[in-house]
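Residues are numbered in my numbering as their position in the sequence shown, beginning at 1, plus a constant of 82.
Glycine is no exception: its CB is placed at the ideal position from the N, C-alpha and C atoms.
Please read all numbers here as calculations on a predicted model, not as lab measurements.
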Amino acid sequence: MTIPNGDAVGLLRQMVTIDSRNPSLTPGAPGEADAANHLAVVMRSWGMQVELQEAAPNRPNVIARTGTGKGPTLLFNGHLDVVDVQHMAHPPFDDTVRDGKLYARGSSDMKGGVAAMCAAAARASARGLQGTLIVAAVVDEEFASVGTRALLAAGVTADAAVVTEPTQLAIGPAHRGFTWAEFLVRGRAAHGSRYDLGVDAIMQMNAVLTALNALNSDILPATTHALLGHASLHASIVEGGTGWSTYPDACTLRIERRTLPGESERDVMNELERVCASARAQVPGLDVSVRHVLTQPPSDVPVTALIVQGLERACSAHGIEPRIEGVSAWTDAALFNEADIPAVCFGPGDMRLAHAAEEWIALEEVERATEVLTDLALTWCSR
83 MTIPNGDAVG
93 LLRQMVTIDS
103 RNPSLTPGAP
113 GEADAANHLA
123 VVMRSWGMQV
133 ELQEAAPNRP
143 NVIARTGTGK
153 GPTLLFNGHL
163 DVVDVQHMAH
173 PPFDDTVRDG
183 KLYARGSSDM
193 KGGVAAMCAA
203 AARASARGLQ
213 GTLIVAAVVD
223 EEFASVGTRA
233 LLAAGVTADA
243 AVVTEPTQLA
253 IGPAHRGFTW
263 AEFLVRGRAA
273 HGSRYDLGVD
283 AIMQMNAVLT
293 ALNALNSDIL
303 PATTHALLGH
313 ASLHASIVEG
323 GTGWSTYPDA
333 CTLRIERRTL
343 PGESERDVMN
353 ELERVCASAR
363 AQVPGLDVSV
373 RHVLTQPPSD
383 VPVTALIVQG
393 LERACSAHGI
403 EPRIEGVSAW
413 TDAALFNEAD
423 IPAVCFGPGD
433 MRLAHAAEEW
443 IALEEVERAT
453 EVLTDLALTW
463 CSR
């Protein structure tokens, strides 16, 4: 069905019916290709120059451009992938609307934001957009961000970016990063009756957990950010043991350390090496090691940045009181900032509904976000 030019709600209602679960999170899931191809058709029908970029096999980014090219460049970014749908309280891929709310997986996280940014680009283009507006709907943000990484690796750049993650129309200039790390404690396997031979790796992991708890409760609260609160960590997964009557010869603990702007991967790993040293001091002879698994950087743009000010003015122009808040979750904004493209988050929807059993978005909020983003594009690109 044809969608009228710049109809954000119409586009959203079509997009949520397309299953775009991330196959890196859900083996056998279809991925983003159907959603990307559909969006590309719509954007072309709205007069955009559109290309599909294969970020991974059968997982294309959609990159659309509009404007005269005579002026600054602005980039809108959002992801097409969604998480699994197990235990959802409503059909995941219907466009069910009740009381002005659309219920579907990905409605809030973040096809609402994608629809708003695409419709805003069409509306701005129809009003004679100066400069250049790039709209990038990317894959895999929910896992390893191969979509935005491929976008940047291809040389796509801009003077500023807005990532339309769900912020309930607040302006989010900062969010935490994270480091995943894995501790390994080695023991000695033995029959459960042979306490004289066995070394219980699971019991010994308690020394690591004790040291991590002290770090989390006594040290990390002192590392703070004005918008984000303090640094933190949590134990995510513990694995070990082979049977009821066998001393476990190994125990693995996986943790996530949420980082603040200014903290690096090296800082965190040095911190975790000190945790190992503390655990060894508690348990003489403890065989413990820690290895790095993955780091995604934090994101931080000054509240005085031009893109923040531009969003504040656009919000005010449409009767929305500008709110500057830290964003609770990690987003691709960090990758743009790492590439020297100032990026902030702003979009419709509520991050608390992301990945939830009940996910919905208020359609009025989608429309208001579209109006703000249209205004931002027109004013930014004509500076």
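Between the CA atoms of residue j and residue i - distance to the nearest angstrom
i      : j      : result
Glu247 : Glu136 : 22 Å
Gly153 : Leu211 : 10 Å
Gly92  : Pro86  : 8 Å
Val320 : Leu335 : 5 Å
Val245 : Trp462 : 15 Å
Ile423 : Ala242 : 5 Å
Asp181 : Ile389 : 34 Å
Ala115 : Met170 : 23 Å
Pro174 : Ser327 : 44 Å
Val357 : Phe265 : 10 Å
Ala308 : His400 : 27 Å
Glu407 : Ser371 : 38 Å
Leu310 : Gly254 : 10 Å
Thr148 : Met130 : 6 Å
Ala208 : Ser190 : 27 Å
Thr456 : Arg205 : 6 Å
Tyr329 : Met287 : 13 Å
Phe428 : Ala387 : 14 Å
Glu449 : Glu420 : 31 Å
Asp176 : Tyr185 : 7 Å
Gly213 : Ser464 : 6 Å
Gln250 : Glu441 : 14 Å
Glu447 : Leu107 : 29 Å
Pro536 : Arg276 : Any question about residue 536 goes unanswered here, given that the chain covers just 83 to 465.
Gln391 : Ala226 : 30 Å
Leu435 : Arg187 : 10 Å
Leu134 : Ser318 : 37 Å
Met433 : Ala203 : 24 Å
Gly88  : Gln96  : 14 Å
Gly229 : Ile100 : 19 Å
Val409 : Glu355 : 29 Å
Gln168 : Pro109 : 13 Å
Trp262 : Arg339 : 6 Å
Identified DSSP bridge partners for residue i
i      : result
Leu156 : Leu215, Ala242
His307 : Gly311
Lys183 : Arg180, Ala444
Val380 : According to the sequence as given, residue 380 is Pro; it is not Val. DSSP output for Pro380 lists no bridge partner at all.
Asp369 : Arg268
Leu335 : Phe265, Val320
Arg95  : Answer is none; Arg95 lacks a bridge partner.
Leu134 : Val144
Thr341 : Gly259
His374 : Ala263
Thr328 : His273
His169 : According to DSSP, His169 bridges with nothing at all.
Nearest neighbour of residue i, chosen from the options [CA to CA]
i      : options                        : result
Asn119 : Arg95, Ala219, Asp241, Ala289  : Ala219
Phe418 : Gln131, His257, Met97          : His257
Ala313 : Leu368, Pro343, Glu321, Trp326 : Pro343
Leu393 : Ala283, Pro109, Glu453         : Glu453
Thr239 : Pro380, Leu156, Gln96          : Leu156
Ala117 : Thr148, Met192, Ala272         : Met192
Asn140 : Tyr185, Ser102, Ala396         : Ser102
Cys333 : Ala283, Trp262, Ser464         : Ala283
Arg348 : Arg373, Ile337, Pro366, Asp369 : Arg373
Ala416 : Leu94, Asp166, Val167, Thr377  : Thr377
Val165 : Gln286, Pro105, Ser227         : Pro105
Ile145 : Met199, Asp176, Ala271         : Met199
Ala138 : Val383, Arg231, Glu440, Ala459 : Arg231
Glu224 : Ala202, Ala197, Gly160         : Gly160
Thr413 : Asp163, Arg268, Ala359         : Asp163
Ile443 : Glu133, Thr84, Lys183          : Lys183
Leu470 : Ser299, Ala271, Ala252, Thr178 : For residue 470 there is no data in the structure shown, the boundaries of the chain being 83 and 465.
His172 : Ala459, Ala438, Ala451         : Ala438
Val221 : Asn298, Ala271, Leu121, Ala272 : Leu121
Val43  : Gly259, Val290, Leu279         : Absent from the structure is residue 43, since the part of the chain shown begins at 83 and ends at 465.
Val375 : Val228, Met351, Gln364, Asn298 : Met351
Ser127 : Ala201, Gln168, Val98          : Ala201
Ala459 : Ala263, Gln168, Val281, Phe158 : Phe158
Pro303 : Phe260, Gln364, Ser398, Thr341 : Thr341
Any non-hydrogen atom of the ligand MN closer than 7 Å to residue i Cβ
i      : result
Leu376 : The ligand MN is not part of this structure, which contains no ligands at all.
Neighbour flag for residue i against chain C, beta carbons, 8 Å
i      : result
Pro330 : Going by chain labels, chain C is absent from the structure shown, which holds only one protein chain.
Assumed close pair residue i, residue j - CB separation to whole angstroms, cut-off 8 Å
i      : j      : result
Pro380 : Glu345 : 7 Å
Ile337 : Leu315 : 6 Å
Ala252 : Ala90  : Between Ala90 and Ala252 the Cβ distance is about 19 Å, and since that is not below 8 Å, they are no contact.
Val383 : Ala411 : About 16 Å; that fails the 8 Å criterion.
Ala451 : Ala361 : That pair is no contact at about 48 Å.
Leu279 : Gly194 : That belief does not hold up - the Cβ atoms of Leu279 and Gly194 are roughly 60 Å apart, past 8 Å.
Ala235 : Asp331 : With a Cβ gap of about 43 Å, Ala235 and Asp331 do not count as contacting.
Asn143 : Leu215 : Wrong, their Cβ atoms sit about 16 Å apart, outside the cutoff.
Any beta strand (DSSP E) of 3 or more consecutive residues that is wholly inside the stretch 243-294: 253-257, 259-268
Minimum length 3: unbroken beta strand (DSSP E) runs contained in the stretch 403-464: 406-409, 425-427, 442-444
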